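Structure, as structure tokens:
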């Protein structure tokens, strides 16, 4: 097995920067352009930032948690880092591609966790939902709605009471946020290749924003979401704590 050439990246916190300096002394300090693997030090937010930064290059990323939750990260240890990266199990992810239309422009962005629509004012949003060109909900009155990836199903989607989806399920959760009508609608599980269109029914009185991870578009009229299989992301995990195992285990947390 070829020895990984690692570039070490860190969040802006003091603890992450200090850890990066120590690891650079132990394992060298090469730029990402010369690396075969990336090591990301921080929390889940920094992992997302790193993945977005290197979209298209598909450099495997081995994260070590120096943040709060660290669901997408491994435990932080300074010893045997090269060996851990070489022995890590990989998880391949596909992002969601958002196309958000306003009255004057169209904006495109990628989401690794989710695409979410949220009301901008005190007024409840009113949305129409179509899946693969077929109307599924003529009117959803809510605070918002989101489409998540399997990896993102444990993030905002879970907080909105959406289902956790195993990586191998090939499904996308469509989850309402504080639905008012239909009151009992709890969302849907869609095939990974589904094309979701969300139309804002009253964009002047009830304005809505759309966000792909942390790229926000205000005052949208129509949003299209679908999985982009032309772009692949690779996360690395210690063999005893793979991402698939974490997603399954999360479903049994009380």
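In our numbering, the protein residues as written are 48 to 301. Ideal Cβ placement from N, Cα and C applies to all residues, glycine included. As the structure is a computational prediction, the values presented were derived from the model and not from experiment.
{"query": "My output table needs one value for residue 113: the three-state DSSP class, helix, strand or coil.", "result": "coil"}
{"query": "Under 8 Å between the Cβ atoms of residue 199 and residue 167?", "result": "no"}
{"query": "Out of curiosity, what's the CA-to-CA distance linking residue 152 and residue 269?", "result": "11 Å"}
{"query": "Under 8 Å, do residue 74 and residue 129 count as touching if we go by C-beta distance?", "result": "yes"}
{"query": "Check whether the region 140 to 160 touches the region 221 to 234, taking contact to mean three or more Cβ pairs, one atom from each stretch, closer than 8 Å.", "result": "no"}
{"query": "Do residue 236 and residue 210 have their beta-carbon atoms positioned less than 8 Å apart in this structure?", "result": "yes"}
{"query": "So within the region 169 to 229, which uninterrupted beta strand (DSSP E) runs reach at least 3 residues, ignoring any that extend past its ends?", "result": "172 to 178, 181 to 189, 191 to 195 and 218 to 224"}
{"query": "Can you name, in chain order, every residue of its own chain whose Cβ lies under 8 Å from the Cβ of residue 205, other than the five neighbours on each side?", "result": "211 and 297"}
{"query": "Where DSSP assigns a beta bridge to residue 125, which residues make up the other side?", "result": "According to DSSP, which records beta bridges pairwise, residue 125 is partnered with nothing at all."}
{"query": "Would the beta-carbon of residue 278 fall within 8 Å of that of residue 70?", "result": "no"}
{"query": "For residue 185, decide whether its Cβ has a neighbour in chain D, counting only Cβ atoms nearer than 8 Å.", "result": "Absence of chain D from the displayed structure is noted, only one protein chain being present."}
{"query": "Give the straight-line distance between the Cα atoms of residue 272 and residue 194, rounded to the nearest whole angstrom.", "result": "8 Å"}
{"query": "Are the CB atoms of residue 113 and residue 92 within a distance shorter than 8 Å?", "result": "no"}
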